[in-house]
Amino acid sequence: MDDHHASPEVIAAVFHGVAVSDATAIVVVEPVDGALHVSWSNEKAVGLLGYAREDLRVLPVEQLLPTLAGGELKLLLRRERAVRMTLPVRGASGALLECVVSAVPAPAGRRWTVRLTSTANETERALRATADAHERRFSTLTERSPIPTLLSEQGMRLAHVNDAFCALVGRQAEQLLGTGWMCTVHPDDLDAVIEEAAAVLGGGGEAGEGEATARLVRADGTERTTVIRFSHLFTPGVGAGFVGTIEDITERLAFEARLAHQANHDPLTGLPNRTLLADHVAARFRPGEGRLACIFLDLDNFKVVNDSLGHAAGDQLLVELARRLRATVRPGDLVARFGGDEFVVVCQDVGEAAAVALAERIGEALRQPVALGGVELRPAASVGVTVQTAEHTAAEELIRDCDIAMYQAKAGGKGRITVLDSQARARAREKLLLVAELREAIERREITLMYQPIFSTEDGTAVAVESLARWQHPVRGAITPSTFVPLAEESGLVSGLGLLVLDETCRQLAAWDAELGPAAPARANVNVSALQLDANLHGHVESALQRHGLHPCRLSIEITESALMKDPAAARTVLLELRDLGVQVSIDDFGTGYSSLAYLRRLPVDCLKVDRSFVAELADGHSEITSAVIALASSLGLCTVAEGVETLEQAEQLALLGATYLQGFCLAAPLTGTDAATWFAAQHDAEARP
Amino acid sequence: MSAAPSLAVPPTFDLERVLASIDTMAAQRPVAAQIVSVANADEASAKELSRILASDVALAGRVMKLANSAFYGMRGRVTSLQFAVTVVGFATVRTMATVALTDLDDESRLPEDFWEVSTSLALAASTLAPRFAERPQDALCLGLLAQLGVALLHHNDPDGYAELWHDERSFAGRRAAEVQRYGISALRLTSVALEQWSFPPGMVLPLKQVDDAASFQGALLRAVFEIAGRLTDRDHEEIPIERVSCGQLRERDVLPVLDQVRVDAEELRRAMLG
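Following this line, the structure appears as structure tokens:
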């Protein structure tokens, strides 16, 4: 016996082991009388199949393996090789048992050992049940999920879409599976979607994730805007796939668009607002090469419409004019509501002539009659036109320039069109610069005060001072109040300037009190602009006095006659409050405006200041007006201050005429706070000397 | 069914030899055989498959072509072989390798409308798979390979099988004739070959159970044979689709599938055959 052959004892041991094995069912098959029969079986096979050993030994194989009846047994029982198949095996009861059947041919090729392993063992059943449960859970989750979902287990073709996706696109699952889902993506967005899906399939992107914004076209032709988020999916043995979840952002985008529209449009007229106007011009502005033009319109007398017909009528007018503007401009021109009754039209690729022609057309369209509240109006606007030049370096300069042009038009008379020329532009810019510098000067308290003494005619003593604002510009030198006060009024700086003067005067009075004691000026006169004459004035005065610990009788507020006459009823209310506080009130420049004597009687004032122009007339022998003013004041029980007293003769004459107080260069020039302290101390000393 | 005497006895047919040829095919197309062998493994990756695939230029070209076809919706975006494998899926790569391995791509050695029927089976199976809880890609492969046994029988008995094919137009009738002549049906032969190459049981079982009218496992394949018959055979005698599909389909489900298959079949055939 050579090494390749086992001894009979070994063979007997192996055979015995196989025969009684409870691990594997084994039968031996061989042809008997031209048919294949089981010729031997081990104990496990007997137990598995349920036959008596004797019955099994003669069982035709076709009966054992019913699905391989006929010629198909040759598939299993091959002479050259071992074959393994999964087949149903019929037991004695007739029941079919799913088994892995392995047939191994004996070397002679006439006999086969067939192993039968039931696939229905506990572990496999449990595994299959777990896998089935996973599958069911997954499909239940996705199918019932309200989130539209696509699923491909391998490659680009879909195996699954859920109901939510079908509902989103209004199609049936059958139409969407495979690559049908791609037909729902808007053709313009399809490339981006495929690219994302492809990147995720390839495992690319961040952690196998990707997203694309795409419009989905529903079966009824309507569109939904969505974000499709792809995630990489890998199934071993199958390959890469993806899961796509879809978020419908149509409503959100519409809401955002509405918000954006509201943020950039005027709710009344629907026109672009100032923000959008600025963006529009900035986007089209090319320094040096652009041909942009801006037309700025400000309605004339719009306040009259609001005041007389009400704000609803005013709004109606604005809406109608917005409509006319839109109808008149060229396609592509922008019409914006700049604010209030101001509109701006922006045109591209136009020269000055064309811009002016358009402005004229607009003016003509606006002038067409409109009926409001039973009244027929012919609206008109002051129009400023600016065409881009090489000097414009930034977009906002264009709008600013046409604003300036509009103001020039308004100043020149209503209903005009003004084109901003370079000189006017330079002047306007100069003014704008000065305004900026004035704003800084006020903020830094570089506006200083001078104090001019006011004398009593009774005993010639100085009883008060008038605070006079001065601006010493570091480059331009002294700038007179007649220049910077109107500038402050025009540019909204007058309130700040007024507060500065009020506060500084009070501070100085308190400082004099501390330094001079009884020699300090008894009162200071502070000028108040017409624009300050409002409900806030009383509070400002009171808080300044409190801040510096002064009694209200130490202040006299001077208001010009013209300021009082703008709205005498409102002025009266403010002055009454001041009077109640204990502050004196003077009317400045009396006689130069158009005061109503009837109002003068009703206004709570203490003093009239006779304008310097009337005082100057005394030198020419004309004392009529001055004496009339003094007499009028006297008859109303008011005192008078004569301003601009330049000679001692004038002073004497004014005393004779009955003026209460005098103020002028010949008596005392305006002084700084420090000089005034010295001056008042000296005056006090002189009076004290016997 | 025809009772032509020539079909009664298969004088030259030897099932043993046919079965043996399944083994020898692998040796003739080693790359395709390797792909068939690895594509189903759990550890298979697109990278590994494409590496092997690159050795068979013709097969690699077909995979690229299929990946870029309208069938996958990629519009020429697939430029790398590895990505092509990802797009079509491992099962399809494996199917294409099997087609190459078994000479299914040589139309001269096949019945004349073999591929028309096969692509119809494949596309119908892919389209209807979700209704039978099957994966469309796997169903596509099943459809493409279902007639592998036909090719094997035809290769071994060209004249006899051509006659059978010509005379028996119904699929059920053809199967009966095959069993009578060869002792085994072509579909069964397919299942043996696929099982031998370790295709997953999910692909093999439907082939085994297609004749068991009560078997749900075979229902999809029965249904798509019916659909392919309606599409490819002018004289096809229709069987109610409810009956062959175990009630999973109704006639109204069939119409859109017929249209879809008609549109895509030719392109799929070109991609598969190069």
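Those protein sequence lines, which keep their order, are chains H and S.
At position 382 of the first sequence the residue is numbered 382 (our numbering), and the sequence of numbers has no breaks.
Start counting at 1 in the second sequence, then tack on 1000, and there's your number in our numbering.
C-beta atoms are modelled at their ideal positions from N, C-alpha and C, and glycine is treated no differently.
Values in this document were obtained by computation on a predicted structure and should not be read as measured data.
| Query | Result |
| --- | --- |
| Three-state secondary structure assigned by DSSP to residue 641 of chain H | strand |
| Identity of the residue in H:482, H:136 and H:174 nearest residue 1125 of chain S by Cα | H:174 |
| Residues bridged to residue 1208 of chain S (per DSSP) | Partner(s): none; residue 1208 of chain S has no beta bridge. |
| Where residue 74 of chain H falls, given that 16 or more other Cβ within 10 Å makes a residue buried | buried |
| Candidates H:156, H:80, H:84 and H:354: closest to residue 106 of chain H by CA position | H:80 |
| Closer than 9 Å to chain H by CB, residue 1290 of chain S | Given a span of 1001 to 1274 for chain S in the structure shown, any question on residue 1290 of chain S remains unanswerable. |
| Test item: CB-CB of residue 362 of chain H and residue 404 of chain H under 9 Å | no |
| Residues that residue 1136 of chain S contacts on chain H, provided the C-beta gap is smaller than 8 Å | 157, 158, 159, 177 and 178 |
| Burial state of residue 586 of chain H, where buried means 16 or more other Cβ atoms lie within 10 Å | buried |
| Residue 431 of chain H versus residue 394 of chain H: straight-line alpha-carbon distance, rounded | 19 Å |
| Chain S contact residues for residue 62 of chain H, given Cβ-Cβ distances below 7 Å | Going along chain S, no residue has its Cβ under 7 Å from residue 62 of chain H, so there is no contact; the nearest lies around 13 Å. |
| Start-end ranges of the alpha helix (DSSP H) lying completely within the stretch 1207-1239 of chain S, minimum 4 residues | 1219-1232 |
| 4-residue-minimum alpha helix (DSSP H) runs that sit fully inside the stretch 536-607 of chain H, ordered along the chain | 537-548, 561-566, 568-581 and 597-602 |
| Start and end residues, alpha helix (DSSP H) containing residue 1154 of chain S | 1148-1156 |
| 9 Å Cβ cutoff, residue 1262 of chain S in contact with chain H | no |
| Extent of the continuous alpha helix (DSSP H) to which residue 1272 of chain S belongs | 1251-1273 |
| Boundaries (first-last residue) of the beta strand (DSSP E) holding residue 115 of chain H | 112-118 |
| Within-9 Å CB hit, residue 198 of chain H to chain S | yes |
| 9 Å Cβ cut-off: residues of chain S touching residue 236 of chain H | 1041, 1042, 1043 and 1044 |
| Residues in the stretch 240-252 of chain H having any Cβ partner in chain S nearer than 7 Å | 240 |
| Cβ contact check for the stretch 301-316 of chain H and the stretch 351-368 of chain H: 3 or more pairs under 8 Å | no |
| Residue 1047 of chain S burial status per 10 Å Cβ neighbour count (16 or more: buried) | exposed |
| Contiguous beta strand (DSSP E) assignments of at least 3 residues, all confined to the stretch 152-198 of chain H | none |
| From H:548, H:551 and H:599, residue whose alpha carbon lies closest to that of residue 573 of chain H | H:599 |
| Near-chain H residues of the stretch 1187-1198 of chain S - C-beta to any C-beta below 7 Å | 1188, 1192 and 1195 |
| Alpha carbon of residue 1154 of chain S to alpha carbon of residue 1165 of chain S, nearest angstrom | 9 Å |
| Burial state of residue 525 of chain H, where buried means 16 or more other Cβ atoms lie within 10 Å | buried |
| Chain-order list of residues whose beta-carbon lies under 7 Å from that of residue 401 of chain H (same chain, five-residue window excluded) | 386, 420 and 425 |
| Unbroken beta strand (DSSP E) run spanning residue 42 of chain H, endpoints | That residue, residue 42 of chain H, is in no beta strand (DSSP E); it is neither H nor E in DSSP. |
| Residue ranges of each beta strand (DSSP E) within the stretch 213-242 of chain H, 3 or longer | 223-235 |
| Residues near residue 219 of chain H by beta carbon distance below 6 Å, same chain, minus five either side | 170 and 171 |
| Cβ pair residue 398 of chain H, residue 292 of chain H closer than 9 Å | yes |
| The stretch 1064-1074 of chain S contacting the stretch 1229-1237 of chain S, beta-carbon criterion three pairs below 8 Å | no |
| Where residue 457 of chain H sits in the DSSP three-state scheme | coil |
| Three-state secondary structure assigned by DSSP to residue 271 of chain H | coil |
| Chain H contact for residue 1229 of chain S (CB, 9 Å cutoff) | no |
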